[in-house]
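Same order as they appear, the protein sequences are chains A and B.
Sequential numbering of the first sequence, starting at 246, is according to the numbering used here.
Sequential numbering of the second sequence, starting at 937, is according to the numbering used here.
Glycine residues also receive a C-beta, built at the ideal position from the N, C-alpha and C atoms.
Only one structure is covered here, and it is reproduced in the block below.
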Amino acid sequence: MSTTDVPLGDDRRRASTLASSLSGATLARAAKDAFVKLDPRRLTGNPVIFATWLVALLSTVSAALLVGRSADGPFAVQLAAWLWATVLFANLAESIAEGRGKAAADSLRASRVTTRAKLIIDEATGTILPTPAHELGAGQVVLVEAGDVIPADGEIIEGVASVNEAAITGESAPVIRESGGDRSAVTGGTTVVSDWIKVKITSEPGGTFLDRMIAMVEGADRRKTPNEVALSVLLAGLSLVFLIAVVTLVGLGAYSGVTLTPLVLGALFITLIPTTIGGLLSAVGIAGMDRLLKVNVLATSGRAVEAAGDVDTLLLDKTGTITFGNRMATEVISAPGVRPEQALRAALMASMADETPEGRSIVELARAQGEVAEAPQGAEPIAFSAVTRQSGLNAEGRIWRKGAVDAVLRTLGLSAEDMPPEVAAAVDRIARSGGTPLAVSEDGMLVGIIHLKDVVKPGVRARFADLRRMGLRTVMITGDNPVTAAAIASEAGVDDFLAEATPEDKLRLIRAEQAKGRLVAMCGDGANDAPALAQADVGVAMQTGAQAAREAGNMVDLDSDPTKVIEIVEVGKQMLITRGALTTFSIANDVAKYFAIIPAMFVTALPALGALNIMGLSSPQSAILSAVIFNALIIVLLIPLALRGVRYRALGAAKLLSRNLAIYGLGGLIAPFIGIKLIDLTLFSLGLA
Amino acid sequence: MNWQGWAEIALTLGLPFLLGWPIGIFISRVWNRERTWLDPVLRPVERCFYAALGVRPDQSQTWTGYAAALLAFNAAGFVLLYAILRLQGLLPLNPQGFGALSEPLAFNTAVSFVTNTNWQAYSGETTLTHLSQMAGMTVQNFLSAATGATVAAALARAFAADRQTGLGNFWADLVRTTLWVLLPISIVVALILAALGVPQTLSASATAATIEGGEQTIPIFAAASQLAIKQLGINGGGVFGVNSAHPLEGPTPLANFIAAISINVLGWAAFFAFGRTALAGRSLRAIAIAALLLLSAGAAALYWTETQAPPALVAAGAEVSVNMEGKEVRFGAPASAVWAAMTTGASNGSVNSMHASYMPLGGGVQMFFMQLGEILPGGIGTGVGFMLMMALLAVFVAGLMVGRTPEYLGKKIEAREVQYAMLAVLVLPLTILGFSTAAAVLPAALQSLANPGPHGMSEILYAYTSASANNGSAFAGLAADTPWWNTTLGLAMLMGRFPGIVIMLAVAGALAAKPKLAPSAGALPTDNGLFIGLLIGVILILGGLQFFPALALGPIVEHFQALDALAGL
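Okay, structure coming up:
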């Protein structure tokens, strides 16, 4: 998918439970579906294939009339058969694409709850009434204990529990869910592993997250996306143009002494109309959703996926997306007259008992720099307090402290002016670079400064450069002050940043971008992100996030990985590229088909037109048949491409276009000349035409 | 073929393109109501028109209001012209004493001039009075050209607009284009042509003594003024039946050259004017270059076909290397070929050589140029407008291949625009092929053909192509002044003109209402060589796919039959 597969966050890319591979069983089911879809009522949404169906029917009638009565009988039968094959192949493409979703839906259905839930009917006494899960409605409260499956979506109103959400996310490590805050939402179908919770149901029967997921992956309410509608219009328009070109040949041909049978005109019409893209169009759309499922993202609609390809501005939360999320120690600067080893050991000692990520990063830094000292026996840890704003260790009469610079200085009885100039300069430099300086004291003496830094993930810079080439602007959202934010923004290479951002600021920024005609994507998990998620054109909610966020966004990331939004954009683009490539290929194919069929149609009455038979096809009937067969087979050959999607590279629009034009435009011009010739040779050697 | 020929062709094609640039910028200023140096003279005149019409020029119209005004104005123009042609026998300025035109011919002629087609089923010097020529033909030459220009002005504003409904005011665009652009340039060109010997008089005819001692009456008209607007307005209907092949229309090589470059100057200027008003100069320059490249390729192809030895003459034992049948000896192959390319590439229709006498493939190139929809560079405004429709389709298909909803000049191209653009594309094949297939089997129509076989097919195809594409040039051989041909060709001209204009205005309405998007590095670049190549490819493939089968039965088979006949000797 991306050429720079730099892992941004959580690198544990699990195999999704949802995306199934193409198995024999799915194929068999798809083949059966392809026949079911021959019902013309199911084809009305696809004018090109519907037209093919009509012509196939007419050809069958005309073949039935010719068989046994005319030498053209075998030709007519083959022609009709290949026209039906064209329709079947188009149906097959759609069925295979749908089949993947159906398989995923089946596995989800298996985790739907059928057991009885423990409905609390009296809050005071805690009386429980066992109730079938599907009868629970919004507002009711159930008790879920260790080993129970949560019966429906809801909000924890009491208790804390670890929950296994593998049924939804595929991640088997349990997560903590507790009442209050942004981690209070639970999903029906997940299992409580330990402790107990009281859950207030928020979904109505049949409307749970799991139900919605099943409907989505099954494509039950799949509607055409705006681009699909526009493309369908183009294809229908082209079909009309060709209908005119073919029908008017009746009179023009009659003038020229050419007799044209409906069979041959029908064949010409079908080979000219864009059956390739017409047959694969819906498969491309379904496969796009499927590719999102593979990266564990659930989109509420194809429209959202398509919008992802159009995104101009990407709002990215700093924490977890651009930086690792925790500030980490990167250096210890010793005070004048203090040996660096001494300062480093003091920093280590002061952090030895500190279990915060910052504290542990100081220990790791010291160890990495070769400091092997251990805490003395009987050391007394001094915890951080809001009053002292420092923490440390007392042992064997010695005292180590680390904390905010002003707090440590005050404890030492110093003022800011008393700092040695070297130390003051270091503190200043760290603050300006976006880092946090911590002072370290040992036995009442200032020994050094620790540089805590928000560390930018490796690879993000290159990734953002890729995005810029694709025309996407990245905006970093952070609660940090503008100085810190600017430093990190420049280090990460984002285009812009929003510092000290409140949820309202986010919403305002999205609206401002949209007013400039830009499409905005963002991800979020908190309840206060909900308005911004709803406002954004692509809002990706985290599965672990608040219920409100999950409902506001138009996509849910089951992995809760905020970097996913970049992949979503790529999938959206890939879907559009695939459609464009197949359309270009389909139209370019027509040139060769003309050179096969036009001379074949006219050569008997106008022998001079034999000069147009540049492929040297063996006979008029073979030429027509070869063009029709090529037209049918190319659909099958392109099914894998439609499902997999055209490879997307972050090359920039001009390069991407020239590359795809060369492959699908020029390739589309040349390929059928070769293909039709080969089929003609085969037909000739088999004596079929 | 020789280098002098190529140089002549290059100069004739290149000069109007270069002249079009500054003139286009001027036109854009006129459309945008910016200050121009003609304002002191023309502003008062302009105000008189608005007062007489009772319109407020600064009142911007929606696309439906704009289209309604345009249609109403053209309908009135048709009625007036039809009345003049039917009543010309009773009206003054009729020294030759001509009578009224027949109903079908008056219908055909009125439609022809209102639609900027200028198809002539009559011979001007023996049919029309001075009044008809001046108050009828010449007036419509100006107004039909100005009508086309208003479409481009409206469409250009739509691309520049950000969520608006107004497209400008039709009346203001019409009056300003006529007064500031068409009139002054026509006056200049008419004076040059008159200086070079093109007659400009109201007397009926000149009398000359011939070498044999006889006396010849030569009809002369106010030809210089009509010739100027005939070319500049991309109309093409001459005062003389043989059009610009007439010695009085092109008395010298320089006069012929000036008439030739006048075919394209304002067509190109409309591209550049569009670019400036739409705030998309670079993109419009790119599509203008695409059009120029296609036009040059056609001119080269015509120069090549006409410098081949005609197979029939070779078969008869003649030693020939150039096809001079139907060409003025004074102009020769290059000046004829480049004119033929320009007049069919634009929707002009004036001729300085007889198109039916071209080699079969040469006739095929001329028909194909018209079938592309008159976009090379086409009529003033309508040419660039239709080219934009092609660009929209090219952007839509190719734009998907860069992974975004396609956008052009800052506007998203969605279902509605694609639908309109496809409708615009559908009009030509429906009209050309629809009427041709009917004519090909109807005895009433076939009676008018001069030749049987493929050449007769070409006569049919050419006539409906020329009428539908609002070109107006004729493929000699067809006796077109019959009720069938007058009526169906008249309908074809109407079909080829107004549905397309209304569709373009509808596109303008849809686009104007959309937000103007900020340029994005991820969007398809539309101002570089790649896009030019893409657009040329789309135009050729789309045009070819529509008309290849029909052309195969006309010029293409005629070409191969001639070759076969030669090989069989």
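Per-residue contacts from residue i into chain B (C-beta, under 8 Å)
i	result
residue 479(A)	1329, 1332, 1333, 1354, 1358
Within chain A, the residues that residue i reaches when beta carbons sit closer than 9 Å
i	result
residue 1477(B)	832, 833, 835, 836, 914
residue 1393(B)	497, 500, 501
For residue i, the first and last residue of its enclosing beta strand (DSSP E)
i	result
residue 1147(B)	Residue 1147(B) -> no beta strand (DSSP E), and no H or E assigned at all.
residue 557(A)	It is not in any beta strand (DSSP E) - residue 557(A) carries neither H nor E in the DSSP assignment.
residue 390(A)	386-390
residue 541(A)	Here residue 541(A) belongs to no beta strand (DSSP E), and DSSP marks it neither H nor E.
residue 742(A)	741-743
residue 681(A)	681-687
residue 1338(B)	No beta strand (DSSP E) holds residue 1338(B); DSSP gives it neither H nor E.
Bounding residues of the alpha helix (DSSP H) (the contiguous stretch that carries residue i)
i	result
residue 1420(B)	1419-1448
residue 1409(B)	Taken as a continuous stretch (DSSP letters only), residue 1409(B) belongs to no alpha helix (DSSP H), as it is neither H nor E.
residue 664(A)	Segment: none, residue 664(A) is in no alpha helix (DSSP H) and carries neither H nor E.
residue 1125(B)	1119-1131
residue 1495(B)	1493-1503
residue 1211(B)	1189-1213
Contacts of residue i in chain B (Cβ-Cβ under 7 Å)
i	result
residue 486(A)	1361, 1362, 1365, 1482
Residue i and residue j closer than 9 Å at C-beta
i	j	result
residue 345(A)	residue 271(A)	yes
residue 632(A)	residue 686(A)	no
residue 522(A)	residue 827(A)	yes
residue 1330(B)	residue 1470(B)	yes
residue 495(A)	residue 510(A)	yes
residue 1191(B)	residue 1129(B)	yes
residue 518(A)	residue 829(A)	no
residue 438(A)	residue 408(A)	yes
residue 771(A)	residue 748(A)	yes
residue 300(A)	residue 312(A)	no
residue 547(A)	residue 819(A)	no
residue 533(A)	residue 1340(B)	no
residue 765(A)	residue 558(A)	yes
Beta-carbon neighbours of residue i, restricted to chain A and to distances below 8 Å
i	result
residue 1372(B)	493, 496, 497
Chain-ordered chain A contacts of residue i [CB-CB under 7 Å]
i	result
residue 1453(B)	762
residue 1497(B)	853
residue 1350(B)	471, 475
residue 1461(B)	898, 899
residue 1376(B)	496, 497, 499, 500
residue 1470(B)	906
Under 9 Å by beta carbon: chain B residues contacting residue i
i	result
residue 819(A)	1339
residue 847(A)	1485, 1488, 1489, 1493
residue 489(A)	1362, 1365, 1366, 1369, 1370, 1482
residue 458(A)	Those within 9 Å of residue 458(A) in chain B number zero; the least Cβ separation is about 27 Å.
Within chain E, partners of residue i - CB distance below 7 Å
i	result
residue 1276(B)	The structure shown contains no chain E; its protein chains are A and B.
With a floor of 4 residues, list each alpha helix (DSSP H) that falls wholly inside the region 887-934 of chain A, ordered by position along the chain. Correct list: 898-905, 912-931.
Could you tell me whether the region 1327-1334 of chain B touches the region 1384-1392 of chain B, using the rule of 3 or more Cβ pairs below 8 Å? With the rule of 3 Cβ pairs closer than 8 Å, the region 1327-1334 of chain B does not count as touching the region 1384-1392 of chain B.
So within the region 411-480 of chain A, which uninterrupted alpha helix (DSSP H) runs reach at least 4 residues, ignoring any that extend past its ends? Counting only runs of 4 or more, we get 411-414, 454-463.
Does the contact criterion of 3 or more C-beta pairs under 8 Å hold for the region 1476-1486 of chain B versus the region 918-928 of chain A? Because the criterion of three Cβ pairs below 8 Å is not met, the region 1476-1486 of chain B and the region 918-928 of chain A do not touch.
Three CB pairs or more closer than 8 Å across the region 1299-1306 of chain B and the region 1421-1430 of chain B: Contact fails: fewer than three Cβ-Cβ distances are below 8 Å.
Three or more C-beta pairs under 8 Å: does that hold for the region 1018-1026 of chain B against the region 1362-1382 of chain B? Cβ pair count under 8 Å is below three, so no.
Residue ranges of each beta strand (DSSP E) run of no fewer than 3 residues wholly in the region 570-652 of chain A, ordered along the chain? The region 570-652 of chain A contains these whole beta strand (DSSP E) runs: 625-627, 635-640, 643-649.
Can you list the alpha helix (DSSP H) stretches of 4 or more residues lying completely in the region 1240-1279 of chain B, in chain order? List check, alpha helix (DSSP H) in window: 1247-1251.
Every unbroken beta strand (DSSP E) within the region 751-823 of chain A, with a cutoff of 3 residues, ordered by chain: For the region 751-823 of chain A, whole beta strand (DSSP E) runs of length 3 or above, ordered along the chain, are 765-769, 783-787, 800-802.
When you compare the region 1276-1292 of chain B with the region 1038-1057 of chain B, are there three or more beta-carbon pairs, one atom per stretch, that lie closer than 8 Å? Contact between the region 1276-1292 of chain B and the region 1038-1057 of chain B is present, because at least three Cβ pairs lie under 8 Å.
Count Cβ pairs between the region 1034-1047 of chain B and the region 1153-1160 of chain B that sit closer than 8 Å; are there 3 or more? The answer is no - the region 1153-1160 of chain B does not touch the region 1034-1047 of chain B, with fewer than three Cβ pairs under 8 Å.
Within 8 Å, do at least three Cβ pairs link the region 1196-1210 of chain B to the region 1262-1270 of chain B? In this structure the region 1262-1270 of chain B does not touch the region 1196-1210 of chain B; the number of beta carbon pairs closer than 8 Å is below three.
Is the region 1084-1094 of chain B touching the region 1175-1183 of chain B in the sense that three or more CB pairs, one from each, lie closer than 8 Å? With contact defined as three or more Cβ pairs closer than 8 Å, the region 1175-1183 of chain B and the region 1084-1094 of chain B are not in contact.
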